[in-house]
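Working notes, structure below.
Protein chains in written order, with our numbering: chain A, 1 to 141; chain B, 1 to 169.
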């Protein structure tokens with residue numbers, strides 16, 4: 001393309017009056033090596049535009065967000081928490097029951113031991129009475 | 001709308017979304033996150049998409065809004081995007097070598113433009129949208145866009161010319 005035309009286009013370009021097609025023409029002109037020396041500063045500009053357009057989004061698009069996973073995780077966590085709290089509660093209850101049982105057993109043992117002691121005392125009392133009976137005559141019946 | 005249909009409608013412009021996001025957010029990772037987030041948002045609102053004449057234009061508007069929001073929240077937390085606090089994936093040596101290149105100088109010049117002009121340059125000169133489309137995306141009048149674009153192009157050109165002369169003499 002003739003130089004005068006390019007210059008005119010550049011003038012329009014700076015005033016933002018070029019169309020997309022005209023801007024493409026400019027890009028083409030500056031992408032082939034033969035650029036007039038006094039227009040060299042534009043070469044970097046249009047070159048940059050062309051290379052910038054090559055950049056791609058390379059990551060895979062993720063539509064199932066991580067957020068939903070978190071939601072499920074929280075549900076699972078709360079279930080586990082509930083179960084473990086329930087288990088712990090049961091455990092505590094059982095331990096309490098065991099403690100009460102042991103205490104009752106202890107109390108009963110204490111009672112029976114004391115009762116046996118009492119029995120022994122009663123047996124001695126019997127002995128005492130027998131001796132009294134021997135010494136003192138029993139009134140006749 | 002099924003997932004495959006959705007992907008078919010989204011595929012043609014996902015790169016554009018990514019490039020626009022990268023232009024505004026600067027870092028590649030941020031732009032990738034933004035693209036992912038936006039596509040997911042579109043997918044969630046898939047039922048409403050039929051109401052829009054151009055899904056692509058709608059996606060671009062969403063991208064613009066999303067990125068501006070991100071930038072605002074960054075500024076609020078005193079984290080401005082400057083060259084020092086982001087890292088490109090590639091090695092820094094490569095990057096420095098590149099920066100000597102005049103093409104990368106252009107990148108820097110565009111980066112220094114105001115957000116709006118940056119966005120318009122991206123949409124027009126790189127993505128090659130018509131003025132009417134850009135006007136719809138940005139909710140501005142076509143004339144306002146022309147003015148903004150002209151200003152941006154002239155700024156870049158002036159800077160390039162300055163550097164060019166500097167390089168020769």
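Where a beta carbon is used, it is the ideal one built from N, C-alpha and C, also for glycine.
Note that the coordinates shown come from a computational prediction; the quantities given were computed from them, not determined experimentally.
### Message
Does the structure place the stretch 122-134 of chain A close enough to the stretch 25-33 of chain A that three or more beta carbon pairs sit under 8 Å?
### Response
Taking 8 Å as the limit for Cβ pairs, the verdict is that the stretch 122-134 of chain A does not touch the stretch 25-33 of chain A.
### Query
Cα separation between residue 22 of chain A and residue 7 of chain A?
In this model, residue 22 of chain A and residue 7 of chain A are separated by some 12 Å (Cα to Cα).
### Task
Would you mind telling me which residues of chain B sit closer than 7 Å to residue 39 of chain A, beta carbon to beta carbon, in chain order?
Neighbourhood of residue 39 of chain A in chain B, by CB distance below 7 Å: empty, with the nearest CB roughly 10 Å away.
### Task
Identify the contact partners of residue 105 of chain B in chain A, using a Cβ-Cβ distance below 9 Å as the criterion.
Those within 9 Å of residue 105 of chain B in chain A are 44 and 48.
### Query
According to a CB-to-CB cut-off of less than 8 Å, which residues of the stretch 9-35 of chain B neighbour chain A?
Per Cβ criterion, the list reads 10, 14, 15, 17, 18, 19, 22, 32 and 35.
### Message
I need the straight-line Cα distance from residue 57 of chain A to residue 129 of chain B, nearest angstrom please.
### Response
If you take the alpha carbons of residue 57 of chain A and residue 129 of chain B, they lie about 19 Å apart.
### Task
Let me know the secondary structure DSSP gives residue 21 of chain B once reduced to three states.
Note: residue 21 of chain B maps to helix in three-state DSSP.
### Message
Let me check understanding here. Comparing Cα to Cα, which of A/19, A/114, A/40 and A/48 lies closest to residue 108 of chain B?
### Response
Checking every option, the nearest Cα to that of residue 108 of chain B belongs to A/48.
### Message
So that I know if they touch, is there some Cβ in chain A lying closer than 7 Å to that of residue 158 of chain B?
### Response
Not closer than 7 Å to any Cβ of chain A, the Cβ of residue 158 of chain B fails to qualify, so no.
#### Entry: Cut-off 6 Å between Cβ atoms - residues of its own chain near residue 19 of chain B, not counting five sequence neighbours on either side
Same-chain partners within the cutoff: there are none.
### Query
Which term fits residue 14 of chain B, buried or exposed, when burial requires 16 or more other beta carbons within 10 angstroms of its beta carbon?
Result: buried.
#### Entry: Assigned exposure category for residue 82 of chain A - 16 Cβ within 10 Å defines buried
With fewer than 16 other beta carbons inside 10 angstroms of its own, residue 82 of chain A counts as exposed.
### Start and end residues, alpha helix (DSSP H) containing residue 4 of chain A
Where residue 4 of chain A is concerned, the enclosing alpha helix (DSSP H) stretches over 3-14.
### Message
At the level of alpha carbons, what is the spacing between residue 129 of chain A and residue 113 of chain A?
### Response
Cα to Cα, residue 129 of chain A sits roughly 25 Å from residue 113 of chain A.
### Query
Beta carbon of residue 153 of chain B, beta carbon of residue 14 of chain A: below 7 Å?
A contact, by the Cβ cut-off of 7 Å.
### Query
Pairing CB atoms from the stretch 124-141 of chain B with CB atoms from the stretch 42-52 of chain B, are three or more of them under 8 Å?
Touching, no.
### Task
Would you verify that the beta carbon of residue 70 of chain B is, or is not, closer than 7 Å to some beta carbon of chain A?
Using a CB distance cut-off of 7 Å, residue 70 of chain B does not count as an interface residue toward chain A.
### Task
Would you mind stating whether residue 120 of chain B and residue 149 of chain B have Cβ atoms separated by less than 7 Å?
With contacts defined as CB atoms closer than 7 Å, residue 120 of chain B and residue 149 of chain B qualify as a contacting pair.
### Message
Is the beta carbon of residue 17 of chain B closer than 7 Å to that of residue 63 of chain B?
### Response
Closer than 7 Å, so yes.
### Task
With a 10 Å radius around its C-beta and 16 neighbouring C-beta atoms as the bar for buried, classify residue 95 of chain A as buried or exposed.
By the 10 Å Cβ count, residue 95 of chain A comes out exposed.
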